[in-house]
Structures are given as C-alpha cells and as structure tokens.
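In our numbering, the protein residues as written are 16 to 126.
By construction, the Cβ of each residue, glycine as well, lies at the ideal position given by its N, Cα and C atoms.
Please read these numbers as outputs of a predicted model, since none were measured by experiment.
Read the structure below first, then the notes.
This is the structure:
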C-alpha cells in the first residue's frame, strides 16, 4: 500500500513539474525543435519550469501562466540555442530569474 501511494504521488509530482511548451512559428516538422532541447535541459536539471528566454540579448516577455508559448522564430532563423543554469541566470539577468535561461541567437537583424 505504501509503495502504491509513493508511486502515485511521484507520478503526480512529475506530471506537474514539466516545463512550458515552447513552439516555433514554423511548419509542423520543425515546430517543436526548441521544445525537444528544452525538455532535455529540464531533465538534466539545467533549467526549471519557467526559464527566462533571451533572443539576441533581449529578454522575451511571455505569459508564465500559459502552458504553450509561441516563439516568433522559425528553426531556420536560429543560429544557436544555449542554456544558462539557475545560478548563472540569476547573476546575469536578475535575482528574480531562478529558473535558468534559454539563450537564442538568430540570423535576424534587429534595428
């Protein structure tokens, strides 16, 4: 009985501890490119559920209450995608940013 209860509580905790779903403004084939990398970083404990998104040095504002966040990019726009762990993102961006950061560098020229 204790084992069953422990197993069920673990499943519930894991089910609610997933990161947000970040999708690209792209075709179905490439839409989930960022999501796959984010999930891997989350599993490796590099980032937490609500990471800061930084696109070309500018923090991307998104509604942290929504489950799915549409990034205004296509896979072909992205040059690199890197992750900052929780401590680094807090030091670099703000002490309130405790969930890590996703750093996206693009080919798009900002004016």
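Would you list the one or two residues that DSSP bridges to residue 97? Here the question's residue 97 lines up with position 82 in the chain shown. Per DSSP, 118.
For the alpha helix (DSSP H) holding residue 50, just list the boundary residues, first then last. On the chain shown, residue 50 is found 35 positions in, with the first residue counted as 1. Start and end: 48-58.
Using the Cα positions of residue 62 and residue 100, report the straight-line distance between them to the nearest angstrom. Working through the chain shown from its first residue, we reach residue 62 at position 47. Working through the chain shown from its first residue, we reach residue 100 at position 85. About 6 Å.
State the DSSP-derived secondary structure class of residue 73, mapped to helix, strand or coil. As a position in the chain shown, residue 73 is number 58, starting the count at 1. In the structure shown, residue 73 sits in a strand (DSSP, three-state: E or B).
Would residue 119 pass as a contact of residue 38 if the rule is Cβ separation under 8 Å? Against the chain shown, residue 119 aligns to sequence position 104. Against the chain shown, residue 38 aligns to sequence position 23. Not closer than 8 Å, so no.
Starting from residue 83 and walking both ways along the beta strand (DSSP E), at which residues does that stretch end? Taking the chain shown and counting its residues from 1, the one referred to as residue 83 is at position 68. Residue range 83-86 is occupied by the beta strand (DSSP E) that includes residue 83.
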